[in-house]
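**Student:** One structure follows; several queries about it will come next.
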Amino acid sequence: MIPRDGAIAALTRFCENNAINGKIGILKISTIIQLACVVLDTNSFAYKDKYYRQIKGGAMGSPFTMVLANIYMLEWEQKLIQHQKIHNGIYGRYIDDVFMTSNLTKEEILKLLDETTKTDSNIKITTTISQSLDYLDVTIENNNGNLKTCIYHKS
9 MIPRDGAIAA LTRFCENNAI NGKIGILKIS TIIQLACVVL DTNSFAYKDK
59 YYRQIKGGAM GSPFTMVLAN IYMLEWEQKL IQHQKIHNGI YGRYIDDVFM
109 TSNLTKEEIL KLLDETTKTD SNIKITTTIS QSLDYLDVTI ENNNGNLKTC
159 IYHKS
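Here it is in structure tokens:
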């Protein structure tokens, strides 16, 4: 779960890095941040005829919260992206599923991932290192340095 303050800080930096004359489109950065706070601070839901206000994170079914989570993750994953660029590896992420290729040893990969996860205690990762794995709807296999793919159907 991403922390509210961390998400707002990441959104602010994202807007500042992508703004033209202090605006994203027609909106001032301050307006975007205010609107983001309204969305995060007014999350409510009903359960067994009672209303509750969500005080941590955001509703993951909300399109805005998904965008906010992606912006938060974009900052977190920069070290991995840069590492992959330097080593000509592949890096891809869909929501909370990451795929990477590497010619490093298993120990070196685990060290890199451990260092990256230590940068943010809110992000938990599970690691699978294999010559073949299922990622989203694809089975990807390393066949002597060539990636082979086929459609994967969940059972």
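Take 9 as the starting number for the sequence shown in the working numbering and just add one per residue. Even glycine gets a Cβ: it sits at the ideal position worked out from N, Cα and C. As the structure is a computational prediction, the values presented were derived from the model and not from experiment.
Could you please give me the residues that DSSP links to Asn150 through a beta bridge?
**Tutor:** Locating residue 150 in the sequence shown gives position 142, counting from the first residue. DSSP, once it has assigned bridges, lists Leu155 as partnering Asn150.
**Student:** Which one or two residues does DSSP pair with Phe107 in a beta bridge?
**Tutor:** Sequence index remark: in the sequence shown, residue 107 carries index 99 (1-based). Phe107 pairs with Gly100.
**Student:** Looking only at its own chain, which residues have a Cβ that is under 7 Å from the Cβ of Leu121, when we skip the five neighbours before and after it?
**Tutor:** Translated into the one-based positions of the sequence shown, residue 121 becomes position 113. Result list for Leu121: Ile133, Thr135, in chain order.
**Student:** Taking DSSP's pairing of strands, which residues face Ala54 in a bridge?
**Tutor:** Stepping through the sequence shown from its first residue, residue 54 is reached at position 46. Paired residues: Tyr59.
**Student:** Evaluate the contact criterion for the segment 23 to 43 versus the segment 86 to 97: three or more CB pairs, one atom per stretch, below 8 Å.
**Tutor:** They do not touch, by the three-pair rule.
**Student:** Just the Cα atoms here: how many angstroms apart are Val106 and Asn130?
**Tutor:** Mapped onto the sequence shown, residue 106 falls at position 98. Mapped onto the sequence shown, residue 130 falls at position 122. Their backbone Cα atoms lie some 16 Å apart in a straight line.
**Student:** Return no unless some Cβ of chain C is closer than 8 Å to the Cβ of Cys23.
**Tutor:** You won't find chain C in this structure, because it holds only one protein chain.
**Student:** Alpha carbon to alpha carbon, what distance is there between Leu48 and Thr20?
**Tutor:** On the sequence shown, position 12 is the one that residue 20 refers to. On the sequence shown, position 40 is the one that residue 48 refers to. Cα-Cα distance, rounded: 15 Å.
**Student:** Suppose you measure from the CA of Phe72 to the CA of Ala44; what does that come to, to the nearest Å?
**Tutor:** Taking the first residue of the sequence shown as position 1, residue 72 is located at position 64. Taking the first residue of the sequence shown as position 1, residue 44 is located at position 36. Between Phe72 and Ala44, the C-alpha separation is close to 8 Å.
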